[in-house]
Amino acid sequence: MSGTSPPSIKNGTAILQQVDPRSVYPSKFCIRVEDEIAEESLAQLQEDIEKFGQTTPGHALAVSDGSRLELLDGLRRKIACQKLGIDFLVLVHHDLPIERAIALAHSRDNQSQPASFWDRAVAWDCLVNDKVLPSEAAVAKAVGVDKSTMSRALAFVKAPPEVLEAFPDIRAVTLKHWAELAPLVENKETLPRLLERAVLLAGKGLSANKVAAELKAAAVGKDKIEKHEVKNANGKKLATIRPNHRGGFAIDVMDMRGVPPSYRIMDAIIIHEHFLALVESSFPTDKRGGRS
Numbered sequence: 079m080s081g082t083s084p085p086s087i088k089n090g091t092a093i094l095q096q097v098d099p100r101s102v103y104p105s106k107f108c109i110r111v112e113d114e115i116a117e118e119s120l121a122q123l124q125e126d127i128e129k130f131g132q133t134t135p136g137h138a139l140a141v142s143d144g145s146r147l148e149l150l151d152g153l154r155r156k157i158a159c160q161k162l163g164i165d166f167l168v169l170v171h172h173d174l175p176i177e178r179a180i181a182l183a184h185s186r187d188n189q190s191q192p193a194s195f196w197d198r199a200v201a202w203d204c205l206v207n208d209k210v211l212p213s214e215a216a217v218a219k220a221v222g223v224d225k226s227t228m229s230r231a232l233a234f235v236k237a238p239p240e241v242l243e244a245f246p247d248i249r250a251v252t253l254k255h256w257a258e259l260a261p262l263v264e265n266k267e268t269l270p271r272l273l274e275r276a277v278l279l280a281g282k283g284l285s286a287n288k289v290a291a292e293l294k295a296a297a298v299g300k301d302k303i304e305k306h307e308v309k310n311a312n313g314k315k316l317a318t319i320r321p322n323h324r325g326g327f328a329i330d331v332m333d334m335r336g337v338p339p340s341y342r343i344m345d346a347i348i349i350h351e352h353f354l355a356l357v358e359s360s361f362p363t364d365k366r367g368g369r370s
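When the letters of the sequence shown are read in order and numbered with our numbering, they come out as residues 79 to 370.
Below, the structure written as structure tokens:
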């Protein structure tokens with residue numbers, strides 16, 4: 079490795095350089111954590127770089143005294159180059175505003191192999207706690223997400239340890255998983271049941287989808303939430319009814335375009351009857367009465 083080379087391409091206040099990857103350090107804006115990058119995830123990248131060269135440069139900040147480069151984007155590429163014993167191609171930015179540095183780190187890092195929701199949440203939480211920007215809203219704007227996503231992410235990092243430990247791989251938890259679980263964690267009525275189930279799930283090695291489904295089911299007092307298929311007398315599937323953890327239902331009706339008009343009405347009646355029966359069985363202890 080040749081160390082820092084003379085600037086070869088200039089782009090405003092950014093300079094494309096080849097540097098010793100060992101001389102580049104992750105910045106506080108970098109999403110990924112070096113210790114958490116799995117060897118197997120680097121294998122294909124190393125092979126491609128060895129065969130074709132590093133085709134996409136990383137991005138780094140030059141600190142004010144010029145003694146250090148802090149990486150914004152390209153940690154996996156840096157590690158791959160380091161393992162191969164070759165220079166790392168990096169676009170070095172000078173005098174970059176904080177908002178632009180954060181935006182660059184988060185927008186670029188989400189391209190080839192997106193960082194997990196957990197890694198993003200931890201990075202955003204650090205930005206907020208370190209008061210890098212004046213508010214959560216400012217951080218959300220800089221990283222390119224809405225305020226709701228930012229709030230969900232910050233709550234995810236602070237979730238009860240029992241919930242986090244129920245997932246064998248916290249990086250497999252998606253924003254969708256957490257958006258469905260968060261209201262149940264925040265609800266004082268559903269939280270105890272959810273925590274009780276979470277403790278039982280810890281160490282079982284279940285997938286993130288399975289753990290999330292189990293926790294949602296526990297929150298509504300069920301062993302698990304089952305979908306229900308509706309069939310006619312001939313065994314033909316007419317619809318699928320899916321209860322959710324909030325006491326609601328989604329009904330997916332099969333394509334009726336090829337069904338004669340009279341049969342469509344009959345099929346609709348069958349679906350309706352099954353739905354009514356499912357509602358009755360789902361809330362067996364409710365008292366009958368009108369809506370308030």
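Just so you know, even glycine gets a beta-carbon here, dropped at the ideal spot from N, CA and C.
Short Cβ contact (9 angstroms threshold) for residue i with residue j
| i | j | result |
| --- | --- | --- |
| alanine 244 | valine 289 | yes |
| phenylalanine 166 | leucine 253 | no |
| proline 246 | glycine 281 | yes |
| alanine 181 | glycine 222 | yes |
| leucine 372 | histidine 137 | Nothing in the structure corresponds to residue 372, since the chain is present only between 79 and 370. |
| alanine 231 | isoleucine 109 | no |
| histidine 172 | alanine 179 | no |
| valine 241 | leucine 259 | yes |
| valine 200 | lysine 156 | no |
| isoleucine 348 | asparagine 312 | no |
| glutamate 177 | alanine 220 | yes |
| aspartate 197 | arginine 249 | yes |
| leucine 169 | alanine 92 | yes |
| valine 217 | valine 206 | yes |
| lysine 129 | aspartate 208 | no |
| leucine 94 | leucine 139 | no |
| glycine 325 | serine 359 | no |
Three-state secondary structure assigned by DSSP to residue i
| i | result |
| --- | --- |
| glutamine 122 | helix |
| arginine 230 | helix |
| proline 104 | strand |
| leucine 293 | helix |
| phenylalanine 245 | coil |
| arginine 320 | strand |
| alanine 199 | helix |
| leucine 150 | strand |
| alanine 92 | strand |
| alanine 260 | helix |
| valine 223 | coil |
| proline 239 | helix |
| serine 86 | In this prediction, serine 86 has a pLDDT of 40, which is less than 50 and means its spatial position is unreliable; what the coordinates show is noted afterwards. Coil at serine 86, not helix or strand. |
| lysine 282 | coil |
| alanine 158 | helix |
| serine 185 | helix |
| arginine 275 | helix |
| leucine 205 | helix |
| serine 370 | Annotation note: pLDDT 45 at serine 370 (below 50); position unreliable, no value reported. |
| valine 251 | coil |
| arginine 178 | helix |
| isoleucine 109 | coil |
| alanine 193 | coil |
| valine 217 | helix |
Close beta carbons around residue i, own chain, < 8 angstroms, minus the five adjacent residues each side
| i | result |
| --- | --- |
| serine 334 | Position check: residue 334 holds methionine in this sequence, whereas serine was assumed. Closer than 8 angstroms at the Cβ level, and outside the excluded window around methionine 334, lie Arg342, Asp345. |
| lysine 161 | Leu120, Gln124 |
| leucine 279 | Ala244, Val289, Glu292, Leu293 |
| valine 70 | Any question about residue 70 goes unanswered here, given that the chain covers just 79 to 370. |
| methionine 332 | Lys315, Leu316, Ala317 |
| valine 337 | Asp345 |
| glycine 299 | Arg271 |
DSSP bridge partner residues for residue i (one or two, in chain order)
| i | result |
| --- | --- |
| glutamate 267 | Glutamate 267 pairs with nothing; no bridge assigned. |
| phenylalanine 166 | Val97 |
| leucine 139 | Glu148, His171 |
| valine 308 | Ala317 |
Same chain, Cβ closer than 6 angstroms to residue i, five either side skipped, listed in chain order
| i | result |
| --- | --- |
| serine 380 | Nothing in the structure corresponds to residue 380, since the chain is present only between 79 and 370. |
| alanine 158 | Leu120, Leu123, Gln124, Ile127 |
| histidine 352 | Val308 |
| glutamate 118 | none |
Chain-order list of residues whose beta-carbon lies under 7 angstroms from that of residue i (same chain, five-residue window excluded)
| i | result |
| --- | --- |
| alanine 297 | Leu262, Thr268, Arg271, Leu272, His323 |
| proline 84 | For proline 84, the predicted structure reports a pLDDT of 38, less than 50, and the residue's modelled location is therefore unreliable. The matter cannot be settled from this model. |
| alanine 215 | Lys225 |
| histidine 255 | Ala286, Ala290 |
| arginine 100 | Gln160 |
Any non-hydrogen atom of the ligand HEM closer than 8 angstroms to residue i Cβ
| i | result |
| --- | --- |
| glutamate 258 | The ligand content of the structure shown is nil, which means the ligand HEM is not present either. |
*For the stretch 322-365, which segments carrying the beta strand (DSSP E) assignment without a break, of at least 3 residues, lie completely within its bounds, in sequence order?*
As far as the stretch 322-365 is concerned, its whole beta strand (DSSP E) runs of at least 3 residues are 327-331.
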